[in-house]
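Everything on this sheet refers to the single structure shown next.
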Amino acid sequence: GGTPVVFSPLDKEYIKDTIELFYKNNRKRIRVTKEEKFSKFLNLYPIVIYRVVLDHYLNLLDKPPPKFMTRDGEELVFSKTFYELSNKNEVKNKLLEIKGFEIGEEDEKEDIITWLNKKNTILGTIYLSDKKLQFETNSKERLDKWKQKIKNIPIEFIN
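Using my numbering, you'd call the opening residue of the sequence shown number 13 and step up by one each time.
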């Protein structure tokens with residue numbers, strides 16, 4: 013035995029149909045009597061299953077991996093950006109003035125601000141501590157929009 017390979021239900025149907033087609037096309041050439049059924053054929057010739065599954069698996073390897081997208085149709089790319097800041101309260105107040113930026117959580121160590129669009133989809137999350145700001149998002153386009161938003165507000169980010 014080897015490592016098991018997991019196939020989707022669609023792959024299973026394809027593999028089953030291909031093996032049945034092989035059986036139908038070759039049952040005269042392969043010495044299988046009329047009394048022998050498909051299941052006996054599979055027991056007598058397991059190499060057929062192996063070859064069909066192996067060929068299908070190798071074909072799957074040639075396909076490009078799936079692309080994951082955000083709800084807005086942007087390619088999913090996780091990113092974190094870090095900033096040093098001089099005045100947490102000023103930065104927090106300026107960010108909360110921007111449409112779509114809402115306070116999520118507040119405590120002594122850190123404030124969390126969520127950036128939402130009109131459909132209430134989270135576009136990014138901002139973590140504010142006394143000296144640092146961390147911004148997390150899941151697409152390059154959202155990161156670019158974030159950079160535009162912070163350029164337009166008069167606060168001083170260091171590095």
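For every residue, glycine included, the Cβ atom is placed at its ideal position computed from N, Cα and C.
Quick test of your reading: residue 122 and residue 140, contact by CB under 8 Å. State the CB separation rounded to the nearest angstrom. Indeed, because the Cβ distance is near 6 Å, the residues count as touching under 8 Å.
Short Cβ contact (8 Å threshold) for residue 150 with residue 89: The answer is yes: Cβ separation under 8 Å.
If I follow the unbroken alpha helix (DSSP H) through residue 51, where does it start and stop? That run of the alpha helix (DSSP H) goes 50-56.
State the CB to CB distance for the pair residue 118 and residue 126, rounded to an integer number of angstroms; the pair is presumed to be in contact (CB under 8 Å). In fact, because the Cβ distance is near 12 Å, the residues do not count as touching under 8 Å.
Do residue 163 and residue 110 count as a contact pair if the criterion is CB distance below 8 Å? Result no, Cβ atoms of residue 110 and residue 163 do not sit closer than 8 Å.
Could you tell me whether the Cβ atoms of residue 69 and residue 145 are closer together than 8 Å? Taking 8 Å as the cut-off, the beta carbon of residue 69 is found no closer than this to the beta carbon of residue 145.
List the DSSP bridge partners of residue 123. In DSSP, residue 123 forms a bridge with 118, 140.
Since residue 92 and residue 148 are thought to touch, with beta carbons under 8 Å apart, how far apart are those beta carbons, to the nearest angstrom? Residue 92 to residue 148, Cβ: 5 Å. Contact.
Do residue 35 and residue 53 come within 8 Å of each other at the CB atom, strictly closer than that value? When the beta-carbon positions are compared, residue 53 and residue 35 come within less than 8 Å of each other.
Mapping the DSSP letters down to three states, classify residue 134 as helix, strand or coil. Of the three classes helix, strand and coil, the one that applies to residue 134 here is strand, per DSSP.
Quick check on this structure: which residue in 135, 143, 85 has the alpha carbon closest to the alpha carbon of residue 158? When each option's Cα is compared against that of residue 158, the closest is 135.
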